[in-house]
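Enquirer: I'd like to ask you about the structure that follows.
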Amino acid sequence: MDVNGNFLCFHNTLKLEFYTLHPKLFTSALTNQLLGLSVCLLIYLKHQDNAMSSWKKASKTNQKTHRERHQPEARAHLGLLEKKKDYKKRSNDYHRKQKVLKILRKKALNKNPDEFYFHMINSQMVGSRHKEKIKPDTHTPDQIKLMETKDLKYVNYKRTIEHKKIDKMQSSLHLLDSANQVKNNHTFFVESTDEVKNFNLASRLDTHPMLLNRKTNRVRNNDLQNLSLPQVSNESLEQKKKVYNELEKRLNREKELSVIQQKLEIKKFLKDKTTKKPKQIKPGTKDAPLVYKWEYKRKK
Amino acid sequence: MKGGSNVVIEPHRHPGVFIARGKEDALVTLNMVPGEAVYGEKRISVEEGENKIEYRVWNPFRSKLAAAILGGVDQIHMPPGSKVLYLGAASGTTVSHVSDIVGPEGLVYAVEFSHRSGRDMLNVAKKRTNIIPIIEDARHPHKYRMLMGMVDTVFADVAQPDQARIVAINAQHYLKNGGHFVISIKANCIDSTAQPEAVFAGEVKKLQAERLKPQEQLTLEPYERDHAVVVGVYRPPAKNKGE
Chain A
1 MDVNGNFLCF HNTLKLEFYT LHPKLFTSAL TNQLLGLSVC LLIYLKHQDN AMSSWKKASK
61 TNQKTHRERH QPEARAHLGL LEKKKDYKKR SNDYHRKQKV LKILRKKALN KNPDEFYFHM
121 INSQMVGSRH KEKIKPDTHT PDQIKLMETK DLKYVNYKRT IEHKKIDKMQ SSLHLLDSAN
181 QVKNNHTFFV ESTDEVKNFN LASRLDTHPM LLNRKTNRVR NNDLQNLSLP QVSNESLEQK
241 KKVYNELEKR LNREKELSVI QQKLEIKKFL KDKTTKKPKQ IKPGTKDAPL VYKWEYKRKK
Chain B
1 MKGGSNVVIE PHRHPGVFIA RGKEDALVTL NMVPGEAVYG EKRISVEEGE NKIEYRVWNP
61 FRSKLAAAIL GGVDQIHMPP GSKVLYLGAA SGTTVSHVSD IVGPEGLVYA VEFSHRSGRD
121 MLNVAKKRTN IIPIIEDARH PHKYRMLMGM VDTVFADVAQ PDQARIVAIN AQHYLKNGGH
181 FVISIKANCI DSTAQPEAVF AGEVKKLQAE RLKPQEQLTL EPYERDHAVV VGVYRPPAKN
241 KGE
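Note that the protein sequences, when read in sequence, are chains A and B. Just so we're aligned, residue 1 is where the first sequence starts under full-length UniProt numbering, counting upward by one. Just so we're aligned, residue 1 is where the second sequence starts under full-length UniProt numbering, counting upward by one.
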């Protein structure tokens, strides 16, 4: 039996039950065998106050849980009813802010009007933010020169790599489809004006008129008859497409790098103070550098 | 192979030249010395029936003749078995492809003035018996007359201002009547200030004066800028006036 007057009773079947009795009744209960149990084992728990809390918890399983009420229908127009969870949040927020205000008020009261520290002049408000002022880095002219040549050299280096890769790719990718589309001049020399009038390209080239646009290979009429080509697999065509995509990207990159290189070189030449200032001829664009003209000076 | 083959070899208009399609997209020639690349170019092996056939990729960005072939030139006058005089052979890269085209029955006389690139060409000629390397100035054709016979075609890629004269002298010495010439002209090398079209026209005039009769002219876009290839015939037989 514990302090609250609860006692436990083990049935012979070892099933447990709980009873709450008034301590006065206890003795009579025992003597009168109120519960009518033939075998009852009592456990007295006088000295173990905290023990057996698991029983307490277990007892709650049968308890009814009380939920907070929701907004009654008649007051629905007022919106959702605040629950404790929501109140706690609002309250914590409010108190935190109050604490901050208190500290700030205290600080303002304790302010020293003669106070100075360097951060006051090393920082400033930018927009609504307090930011550090960035001090400019200083370099000697030699250092600047070196850094600029490094930039130029790096661009050159990258461009060379790109150029070599393009060369290697183009050695086995001959742009046959685009070669068919790019215009070039093909002139035939004939002897008389009559020939010019009766000139027929397909018959001159001895090929089928359908093949005239296929510059890369205009097969002769004789060969066309016994030409049989096996099917090309789709995978290989896809592979080809992929490689051409890469080539195109590399070509674009090389173009960009060459523009950057030219622009950096112009900058470098303009820094030269030993010559007369050159005249600008063309403004720079995104794919061409500025064009300057220097005064002609004979070197030898 | 499932769903078609990876590489298909398509015979070209010009005998001895092929185009590889599929995974590859390249102009190729049949390798006369299988298993060996001349200047580090890619090789493509294709199984035809039981035996494997090897082709070598011919880069049109490097070779004017290859660029002309892909540009749609009508004739290159180098059928298998023909004899070709190649002026300006350089390291022998294009020469090796011409030797592939003319085959073991044909002959390529490769003339190069520079010793340095001539040395590379000698190495190419060691492997290919149909190349006769000549390290001599093409302006003086009599100096190599002991090595030469009459040829069917003269190919010139010398990039010199007096290119027309060089071709004419060589034609006079070694080109048979009715033989053909193929010249690659770089406008910059002839006159860097004039318009390319004007330069090409001027060169054609010079050739005509030397009885080298041009038949067609082709610019080499997109592979080269301001380059042209002129193909023609030397001292063609007179036309029968009765016709």
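Glycine residues also receive a C-beta, built at the ideal position from the N, C-alpha and C atoms. Quick caveat, the model's predicted, so the values are computed rather than measured.
Go ahead and pull the three-state DSSP assignment for Arg43/B.
Expert: Note: Arg43/B maps to strand in three-state DSSP.
Enquirer: Under 8 Å: do the stretch 128-136 of chain B and the stretch 160-171 of chain B share three or more Cβ pairs, one atom per stretch?
Expert: Result no; under three Cβ-Cβ pairs closer than 8 Å.
Enquirer: When you compare only the Cα positions, how much space is there between residue 245/B and Ala37/B?
Expert: Any property of residue 245/B remains undetermined from this structure, which presents chain B solely from 1 to 243.
Enquirer: Per the contact definition of three or more C-beta pairs closer than 8 Å, is the stretch 97-107 of chain B in contact with the stretch 169-181 of chain B?
Expert: The stretch 169-181 of chain B, when compared against the stretch 97-107 of chain B, does not touch it at the 8 Å Cβ threshold.
Enquirer: With a threshold of 16 other CB atoms inside 10 Å of the CB of Leu201/A, please say whether the residue is buried or exposed.
Expert: Exposed, by the Cβ-count rule.
Enquirer: Tyr55/B lies in the beta strand (DSSP E); which residues open and close that run?
Expert: That run of the beta strand (DSSP E) goes 51-57.
Enquirer: Rounded to whole angstroms, what is the Cα-Cα separation between Phe113/B and Ile260/A?
Expert: If you take the alpha carbons of Phe113/B and Ile260/A, they lie about 39 Å apart.
Enquirer: What does the alpha-carbon distance come out to for the pair Ser123/A and Asn110/A?
Expert: For Ser123/A and Asn110/A, the distance between alpha carbons rounds to 23 Å.
Enquirer: Is Pro289/A buried or exposed, if buried means 16 or more other CB atoms sit within 10 Å of its CB?
Expert: Buried, because 16 or more other Cβ atoms sit within 10 Å of the Cβ of Pro289/A.
Enquirer: Considering only their Cβ atoms, is the gap separating Val204/B from Pro214/B smaller than 7 Å?
Expert: Yes, Cβ-Cβ distance for Pro214/B and Val204/B is below 7 Å.
Enquirer: Helix, strand or coil: which one does DSSP assign to Phe189/A?
Expert: It is coil, neither helix nor strand.
Enquirer: Closer than 9 Å, Cβ to any Cβ of chain B: which residues of the stretch 220-237 of chain A, in chain order?
Expert: Against chain B - using a Cβ distance shorter than 9 Å - the residues of the stretch 220-237 of chain A are Arg220, Asp223, Leu227, Leu229, Pro230, Gln231, Val232, Ser233, Asn234, Glu235, Ser236, Leu237.
Enquirer: Would you mind telling me which residues of chain B sit closer than 8 Å to Lys215/A, beta carbon to beta carbon, in chain order?
Expert: Neighbours of Lys215/A on chain B, chain order: Leu70, Gly71, Gly72.
Enquirer: Find out if the Cβ-Cβ distance for the pair Leu173/A, Leu247/A is shorter than 7 Å.
Expert: Taking 7 Å as the Cβ cut-off, Leu173/A and Leu247/A qualify as a contacting pair.
Enquirer: Measuring alpha carbon to alpha carbon, tell me which of Phe199/A, Asn198/A, Val196/A, Asn222/A ends up nearest His208/A.
Expert: The option with the nearest alpha carbon to His208/A is Asn222/A.
Enquirer: Under the three-state reduction of DSSP, which class applies to Gln160/B: helix, strand or coil?
Expert: Residue state, collapsed to three classes: coil.
Enquirer: Using the three-state DSSP reduction, which class does Met52/A fall into: helix, strand or coil?
Expert: Coil, per DSSP.
Enquirer: If we cut at 7 Å on Cβ distances, does Gly202/B have a partner in chain A?
Expert: With 7 Å as the cut-off, Gly202/B does not count as an interface residue toward chain A.
Enquirer: Are the C-beta atoms of Pro141/B and some chain A residue less than 7 Å apart?
Expert: Taking Cβ atoms only, chain A never reaches closer than 7 Å to Pro141/B, which makes this a no.
Enquirer: To the nearest angstrom, how far is the alpha carbon of Phe183/B from that of Leu65/B?
Expert: For the sequence presented, residue 183/B should be read as Ile rather than Phe. Distance between the alpha carbons of Ile183/B and Leu65/B is about 9 Å.
Enquirer: Ala89/B: buried (16+ other C-beta within 10 angstroms of its C-beta) or exposed?
Expert: Buried: at least 16 other Cβ atoms inside 10 Å.
Enquirer: 7 Å is my cut-off, CB to CB: does Ser123/A come that close to chain B?
Expert: Chain B, which has no Cβ nearer than 7 Å to the Cβ of Ser123/A, makes this no.
Enquirer: Taking 7 Å as the CB-CB cut-off, is His130/A touching chain B?
Expert: No, because no Cβ of chain B sits closer than 7 Å to the Cβ of His130/A.
Enquirer: I'd like to know whether the C-beta of Ala26/B is nearer than 7 Å to at least one C-beta of chain A.
Expert: So, interface residue.
Enquirer: Which residue marks the beginning of the alpha helix (DSSP H) containing Gln181/A, and which one marks its end?
Expert: First-last of the alpha helix (DSSP H) with Gln181/A: 176-181.
Enquirer: Determine the closest residue to Val199/B out of Asp226/B, Leu122/B, Ile9/B, Val124/B, with distance taken between C-alpha atoms.
Expert: The candidate whose alpha carbon is nearest that of Val199/B is Asp226/B.
Enquirer: Closest Cβ-Cβ distance between Thr219/B and chain A: below 7 Å?
Expert: For Thr219/B, the answer is yes, since a Cβ of chain A falls inside 7 Å of its Cβ.
Enquirer: In the structure shown, what three-state DSSP assignment does Thr149/A receive?
Expert: DSSP places Thr149/A in helix when its eight states are reduced to three.
Enquirer: Per DSSP, what kind of secondary structure is Tyr296/A in: helix, strand or coil?
Expert: Note: Tyr296/A maps to coil in three-state DSSP.
Enquirer: Suppose you measure from the CA of Ile69/B to the CA of Pro34/B; what does that come to, to the nearest Å?
Expert: Distance between the alpha carbons of Ile69/B and Pro34/B is about 23 Å.
Enquirer: For the stretch 141-163 of chain B, list every residue whose C-beta sits within 8 Å of some C-beta in chain A, in sequence order.
Expert: Flagged: no residues at all.
Enquirer: Relative to the C-alpha of Leu212/B, which candidate in Val229/B, Pro236/B, Gly202/B has its C-alpha closest?
Expert: Nearest option by C-alpha distance: Pro236/B.
Enquirer: Do we get a CB-CB distance below 7 Å when we pair His180/B with the residues of chain A?
Expert: Chain A contact via Cβ: absent.
Enquirer: Whole angstroms is fine: what's the gap from Asn112/A's alpha carbon to Leu101/A's?
Expert: Distance between the alpha carbons of Asn112/A and Leu101/A is about 19 Å.
Enquirer: Looking only at C-alpha atoms, which of Gly127/A, Lys85/A, Glu254/A sits nearest to Thr160/A?
Expert: Per the Cα distances, Glu254/A.
Enquirer: Give the secondary structure of Arg218/A by DSSP, where H, G and I count as helix, E and B as strand, and everything else as coil.
Expert: Note: Arg218/A maps to coil in three-state DSSP.
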